[in-house]
Structures are given as C-alpha cells and as structure tokens.
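What follows is a short report on a single structure.
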Amino acid sequence: IAGKRVLVTGGAGFIGSHLVDALAETNDVRVLDDLSTGRRGNLPSTATLIRGDLCDPRALDEAMDGVDVVFHEAANASVTRSVDDPVGSHRVNTAGTLGLFERAREEDARVVVASSTAIYGDPTTIPVTEAEPTTPVSPYGVEKLTGDHYARLYHDLYGLETVALRYFNVYGPRQAGGEYSGVITTFLEQACAGQDITVEGDGSQVRDFVHVEDVVQANLLAATTDRVGEAYNVGTGRSVSILDLAELIRDLSGSRSDIVHVGARAGDVQASRADITKARDHLSFEPTVSLREGLGGLVRRP
Ligand code: NAD
C-alpha cells in the first residue's frame, strides 16, 4: 500500500516494528505504543511515535485521527503474563481492542487485527483450518478469540472493513526471549552462550514457525483485499518438533551446547500446524522464508 495514513498499534514491538519498516517509506505512518515491551530504537525516524496506552481514550483519539488503515498489534503478547494477571491482560487485549474497533467505526478505517493460533487451544485436527473448534487453554487465548470475533462482528454488524490474521509461532529479528513463543530466541541465546539448551518435556511438541517477513506480507495483503470480515491462518503449513528445532539451532550456530530436558509446561499444546489454504486462495499469501533460512539469518556463530 502507498499514500495512506496508517496506524500501527504496538509498532515499537517485534512484529509491529517490521510492519512499520515495510510501510514507512511509502505511507504516513503513526505508531501508538506504551513501550511496555516495545522499544523506541525499533522504529525508523520516518515513523511518528505516540507514546501512550491503547486504553487511554485521549491517546487512542490522537492516534486514530484521520487514519485509513490500522494494523492492530498492541497487546500483552505473553501467554504466561495472562495466566499470572488475567484481569490486566484482558484490559489491554479485550477492552483495548474493542475501544479500537469502536474508534475505527468513526473513521471508517480498515482494521487488520493480530489474532493467534492460541484461539484453537489444543487442536483436534492437524493441520488446523479456520473451521477448527476454538477452545483456548489460556486467558490470552480467550482474549485473542474475543478480538477475532469483534473483527468479524464489526464487519457484519457495522460494515467495517476488518481482517483477523491468526498468527502461528512468529520468529525473526528483534523478538524478545524468555517465554514460550520466544523459544527460538531462547535456544539461540543458549546455543551461542554455550549453555545447555533446555527443552521442556520430551520435545515431541510440534509448532509451525513463520518468519516475521512473511507475517508482514500477510498484513500488507490483508490491507487491500476485498475478502474482508474474514479470519485467516498465517503460518507456513509446515511444522517442526521442538527437539528437532533445538538440534537445528545447535548445528546452525556451530555450538557445542548439550540439549537437556526440563519439566513439561502445564497446559502445553502438543501439536500445531496451520492449514493456510484460505489465506492462499483469498489473499494470495505465500510464505517464502524456510525455517533453515530464517534461523540462518539469526545465528551468530561463535
Ligand atoms: P511485542 O510484545 O513485541 O509487541 C507488542 C507491542 O505492544 C509492544 O511494543 C508493547 O510495548 C505494545 N503494547 C503493549 N501494551 C500496550 C498498551 N496498553 N498500549 C500501547 N501499546 C502497548 O509482541 P509481538 O510478538 O510483536 O506481538 C504483536 C501481536 O501479535 C500481538 O497482538 C500478539 O498477541 C500477536 N501474536 C504474536 C505471536 C508471536 O508468535 N509473536 C503469535 C500470535 C499472535
């Protein structure tokens, strides 16, 4: 897209900042971010940062004024934090998202919202289509499911142009480590420091890791599609076990770290892999970065 007034909420964060990079040269880009996990240094100088809370009506009002397209990335993006503080997480992820849709209605702005594979919980059918029953296993999953529903509802009820993108496990530069969605960052840090690589449980869990550049492409396609009011899986359609991932990262980084098993995480999802047929058919989405290439770009060999 070009020549648009664009808002990226959470634009100083991992995924949001890559979106800003892709948009800032050809659009007027604003970022609303409270810098709770995001960093100012992630932003190019061409983007305007409004430092504020999504849930603060004045900050939201300033950010939304006159926008054509909103990419809604701001959230508590941590499952663990939502388990520790469901009320605080709900405030941002659910109430904050509803407030944004409501303000978008006044502007008649298109909204592309970051949904998540977490809405499916522990899926019964692999690969997971958009028709999979939604049974989240965390407060985060419930919150993301609500945002996903509001996207569809605001289209059906008010005619707003909305698209929900259900990201699978996103990885790439600038991703924070620590929590589970950041398993790649954690393994890379451990491998590069020569520490044990810690696999939770037996490592047979499988995940569909999608590179942030492909997630950016999905967002750009969603910004112009006429297939609105819909939700789309954004993954690669491929998956890897956590144990294979640990070995791949160790090999690519030339590390001599041991791979060790630690206690399984309560409520861990066993298998996740996206069926991306719908995004392919409706959005012409096609992931381009293989896991090996993507990891290769992140590895700093000792
Ligand atoms: P992130 O934490 O790097 O980005 C979130 C950004 O939102 C941060 O910059 C943070 O400072 C900002 N933010 C948080 N609360 C805010 C508030 N109240 N007001 C204003 N800004 C606020 O996380 P990310 O991985 O880039 O996630 C981006 C989006 O993608 C989130 O909505 C997340 O739920 C979703 N998602 C991420 C993944 C993944 O694998 N990383 C998977 C599925 C969905």
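The numbering used here applies: residue 66 is where the sequence shown begins, and numbers increase by one.
For every residue, glycine included, the Cβ atom is placed at its ideal position computed from N, Cα and C.
Candidates the options, of which the one nearest residue i by Cα
i, options, result
"PRO151", "ARG70, VAL202, LEU313, ASN92", "VAL202"
"ALA89", "ARG70, LEU218, ASP98, ARG105", "ARG70"
"THR111", "LEU100, ALA77, ALA140", "ALA77"
"ALA331", "VAL144, ASP213, ASN298, LEU163", "VAL144"
"VAL382", "PRO188, GLU127, HIS83, VAL96", "Because the chain in this structure spans residues 66 to 367, residue 382 falls outside the shown range and cannot be described."
"ILE80", "LEU285, SER355, ILE341", "LEU285"
"ALA241", "PHE233, LEU253, TYR232", "LEU253"
"THR266", "ASN298, GLY328, MET129", "Per the sequence shown, residue 266 should be read as Gly rather than Thr. When only C-alpha atoms are compared, the closest one is GLY328."
"VAL73", "GLY153, THR162, THR342", "THR162"
"LEU222", "VAL293, ASN141, ARG239", "VAL293"
"ILE324", "GLN260, LEU108, VAL299, GLU138", "GLN260"
"LEU100", "ALA87, ALA283, LEU114, VAL94", "LEU114"
"ARG146", "GLU138, ARG156, HIS137", "ARG156"
"LEU108", "ARG95, LEU119, ASP118", "ARG95"
"PRO352", "TYR232, ARG104, THR289", "TYR232"
"PHE274", "VAL299, ALA288, VAL281, ASP291", "VAL299"
"SER355", "ASP279, ARG338, ALA288", "ASP279"
"ALA87", "ALA283, ALA169, ARG116", "ALA283"
"LEU225", "ILE184, ALA258, GLU295", "GLU295"
"VAL305", "ARG345, ALA339, LEU210", "ALA339"
Cβ-heavy atom distance, residue i to the ligand NAD, below 8 Å
i, result
"LEU100", "yes"
"TYR236", "yes"
"THR74", "yes"
"GLN270", "no"
"GLN240", "yes"
"GLU127", "no"
"LYS343", "no"
"GLY164", "no"
"THR227", "no"
"THR182", "yes"
"CYS120", "yes"
"GLY328", "no"
"VAL148", "no"
"LEU97", "yes"
"ALA139", "yes"
"ALA283", "no"
"GLY81", "yes"
"TYR297", "no"
"TYR232", "yes"
Short Cβ contact (9 Å threshold) for residue i with residue j
i, j, result
"VAL135", "ALA160", "no"
"HIS326", "THR263", "yes"
"VAL177", "LEU165", "no"
"ILE314", "ALA256", "yes"
"VAL364", "ILE307", "no"
"VAL277", "GLY302", "no"
"ALA140", "LEU97", "no"
"GLU172", "ASP121", "no"
Other residues of its chain near residue i: CB distance less than 6 Å, five sequence neighbours each side excluded
i, result
"ALA336", "ILE191, VAL271"
"TYR245", "In this prediction, TYR245 scores a pLDDT of 47, lower than 50, which makes its location untrustworthy; no coordinate-derived value is stated."
Other residues of its chain near residue i: CB distance less than 7 Å, five sequence neighbours each side excluded
i, result
"ARG349", "First, the amino acid is wrong: residue 349 is Ser here, not Arg. Same-chain partners within the cutoff: LEU286."
"SER154", "ASN141, ARG146, SER147, PRO204, TYR205, GLU208"
"GLY359", "TYR236, GLY237, HIS276"
"GLY75", "GLY81, ASP98, GLY103, GLU138, ALA139, ALA140"
8 Å CB neighbourhood of residue i in its chain, flanking five on each side removed
i, result
"ALA67", "THR91, ASN92"
"ALA311", "PHE252, ILE262, VAL264, GLY268, ILE324"
"THR342", "THR194"
> Any chance the stretch 205-224 sits against the stretch 305-320, with 3 or more Cβ pairs inside 8 Å?
Replying inline: no
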